[in-house]
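The structure appears right after this line, and notes come after that.
In the working numbering, the protein residues as written are 4 to 329.
Dropping the structure here:
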């Protein structure tokens with residue numbers, strides 16, 4: 004029985020993913036500069052928001068670097084252990100980035116929506132500890148998954164292609180592509196790896212539920228608050244406008260997370276059922292990551308005052324420079 008292969012053209016991948024990753028990387032590097040050197044009038048972000056923003060921006064920047072490297076590595080003779088390391092590390096960066104976005108939405112939910120139930124009150128009081136523990140546990144889980152996936156893939160490729168530094172590079176790209184395609188269905192799935200994959204899927208859906216629930220609850224609260232202000236004839240305060248921007252950005256981030264997680268889930272279904280060689284070169288999943296990371300970069304610039312005002316100031320300087328040159 005012939006098995007269908009679903010893949011993405013190399014040049015389409017390079018055009019879409021390469022462009023988005025490069026543009027997003029420029030924005031992420033600028034955000035890192037903003038976090039390291041904030042203006043005095045803005046002050047420094049308090050914890051755990053500082054950690055969440057740093058985690059989001061840092062992991063997003065790292066993911067975009069991996070995406071750029073993946074786009075460029077075809078032009079160089081890289082050993083296959085480097086290739087699978089890049090493939091595995093991207094999951095670590097993407098996972099930390101997505102999970103940081105989830106808890107950023109949860110943090111703003113606790114800051115905007117009044118706590119009325121016992122759990123909400125407890126969460127609001129202990130949000131810093133909850134965020135620290137959640138991020139630490141997620142990093143441990145993703146690191147274990149990364150190590151197991153890399154070890155399994157390394158052993159499989161060693162037995163198939165031989166040493167990564169002595170393999171004949173003639174026709175190597177085609178061989179490794181073929182090997183990666185076979186590995187989708189031929190890799191032995193250990194009980195430990197299947198357990199870690201199962202936990203990852205569960206965390207994926209739990210995080211998705213948390214971000215959509217927190218964003219929706221915040222939107223509903225602000226909508227009701229705006230209606231009450233309109234009825235009383237009150238004007239919108241700068242704080243309310245800032246909360247609206249943050250909430251809309253959080254909701255958009257949740258939609259990005261939904262689309263990307265659905266793509267990952269579909270990919271895992273194909274891998275476990277072994278009915279289709281889905282995305283053997285990983286170009287489709289990396290393009291999805293590129294769209295997500297670029298959307299995250301834009302979203303941070305719109306939703307976070309620290310970044311938005313610095314971007315506005317930079318745009319003003321560029322405009323003034325262009326006018327003087329003209």
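C-beta atoms are modelled at their ideal positions from N, C-alpha and C, and glycine is treated no differently.
Tell me, please, which residues DSSP counts as bridged to residue 281.
The sequence position of residue 281 within the chain shown is 278, counting from 1. The partner list for residue 281 (beta bridge, DSSP) reads 9.
For residue 312, report the span of its alpha helix (DSSP H) as first-last.
Here residue 312 refers to the residue found at position 309 when the chain shown is read from its first residue. That run of the alpha helix (DSSP H) goes 308 to 328.
Cα-Cα separation, residue 158 to residue 85:
As a working note, residue 158 is residue 155 in the chain shown. As a working note, residue 85 is residue 82 in the chain shown. About 14 Å.
Could you check if residue 50 is buried or exposed, using at least 16 other CB atoms within 10 Å of its CB as the buried criterion?
Locating residue 50 in the chain shown gives position 47, where the first residue counts as 1. Result: exposed.
Can you list, in chain order, the residues of its chain with a C-beta nearer than 8 Å to that of residue 261? Leave out the 5 residues immediately preceding and following it.
Position 258 of the chain shown, counting from 1, holds the residue named residue 261. Counting only Cβ-Cβ distances below 8 Å, and skipping sequence neighbours, we find 211, 215.
Exposure label - residue 317; buried when at least 16 CB within 10 Å:
Residue mapping note: residue 317 aligns to position 314 of the chain shown, counting from 1. Counting of Cβ neighbours within 10 angstroms places residue 317 among the exposed residues, the total staying below 16.
Using the Cα positions of residue 66 and residue 227, report the straight-line distance between them to the nearest angstrom.
Sequence index remark: in the chain shown, residue 66 carries index 63 (1-based). Sequence index remark: in the chain shown, residue 227 carries index 224 (1-based). If you take the alpha carbons of residue 66 and residue 227, they lie about 38 Å apart.
Buried or exposed (CB count within 10 angstroms, at least 16 for buried), residue 75
As a working note, residue 75 is residue 72 in the chain shown. Exposed, by the Cβ-count rule.
For the alpha helix (DSSP H) containing residue 120, list its first residue and its last residue.
Position 117 of the chain shown, counted from the start, is the residue given in the question as residue 120. Per DSSP, residue 120 belongs to no alpha helix (DSSP H) and is neither H nor E.
Considering only the alpha carbon of each residue, which of 202, 230, 25, 257 lies closest to residue 143?
In the chain shown, the residue the question calls residue 143 occupies position 140. It is 202.
Once the 5 residues before and after residue 108 are set aside, which same chain residues still bring their CB inside 7 Å of it?
Position 105 of the chain shown holds residue 108. The answer, listed in chain order, is 214, 217, 218, 253, 256, 257.
Opening and closing residue of the alpha helix (DSSP H) in which residue 239 lies:
Numbered from 1 along the chain shown, position 236 holds the residue referred to as residue 239. Per DSSP, residue 239 belongs to no alpha helix (DSSP H) and is neither H nor E.
Local Cβ density within 10 Å of residue 283, reported as buried at 16 or more and exposed below that:
For the purposes of this step, residue 283 is identified with residue 280 of the chain shown, where counting begins at 1. Classification for residue 283: buried.
Of all the options 299, 265, 232, which has the alpha carbon lying nearest to the alpha carbon of residue 207?
Translated into positions along the chain shown, residue 207 becomes position 204. Residue 207 has its Cα closest to that of 265, out of 299, 265, 232.
What number of angstroms, rounded off, separates the C-alpha of residue 24 from the C-alpha of residue 286?
Sequence index remark: in the chain shown, residue 24 carries index 21 (1-based). Sequence index remark: in the chain shown, residue 286 carries index 283 (1-based). For the pair residue 24 and residue 286, the Cα-to-Cα distance works out to about 13 Å.
Grab the span of the alpha helix (DSSP H) containing residue 67 for me, first residue to last.
For the purposes of this step, residue 67 is taken as the residue at position 64 of the chain shown. Segment 52 to 75, the alpha helix (DSSP H) holding residue 67.
By DSSP, does residue 100 sit in helix, in strand, or in coil?
As a working mapping, residue 100 is identified with position 97 in the chain shown. Residue 100 falls in the helix class under three-state DSSP.
Test item: CB-CB of residue 300 and residue 245 under 8 Å:
Working through the chain shown from its first residue, we reach residue 300 at position 297. Working through the chain shown from its first residue, we reach residue 245 at position 242. No. Outside cutoff.
Residue 91 versus residue 8 - alpha carbon distance:
Here the question's residue 91 lines up with position 88 in the chain shown. Here the question's residue 8 lines up with position 5 in the chain shown. A direct Cα-Cα distance of roughly 21 Å separates residue 91 from residue 8.
Whose C-beta lies closer than 6 Å to the C-beta of residue 271 among residues of the same chain, with five residues either side of it excluded?
Here residue 271 refers to the residue found at position 268 when the chain shown is read from its first residue. Within the same chain, residue 271 has no close Cβ partners at all.
On the premise that residue 220 lies in contact with residue 263, defined as a C-beta separation below 8 Å, what is that separation, rounded to the nearest angstrom?
For the purposes of this step, residue 263 is taken as residue 260 along the chain shown, with counting starting at 1. For the purposes of this step, residue 220 is taken as residue 217 along the chain shown, with counting starting at 1. Actually they are not in contact, since the Cβ atoms of residue 263 and residue 220 sit about 22 Å apart, beyond 8 Å.
To the nearest whole angstrom, what separates the beta carbons of residue 73 and residue 89, a pair I think is in contact under 8 Å?
Indexing the chain shown from 1 puts residue 73 at position 70. Indexing the chain shown from 1 puts residue 89 at position 86. 6 Å between Cβ atoms; contact.
Pick helix, strand or coil for residue 49, following the three-state DSSP scheme.
As a first step, residue 49 is located in the chain shown; it is residue number 46 there, counting from the start. Of the three classes helix, strand and coil, the one that applies to residue 49 here is coil, per DSSP.
Please state the DSSP three-state secondary structure of residue 231.
The residue you call residue 231 lines up with position 228 of the chain shown. Judged by DSSP in its simplified three-state form, residue 231 adopts helix.
How many angstroms separate the CA atom of residue 289 from the CA atom of residue 15?
Along the chain shown, one-based indexing puts residue 289 at 286. Along the chain shown, one-based indexing puts residue 15 at 12. Distance between the alpha carbons of residue 289 and residue 15: 12 Å.
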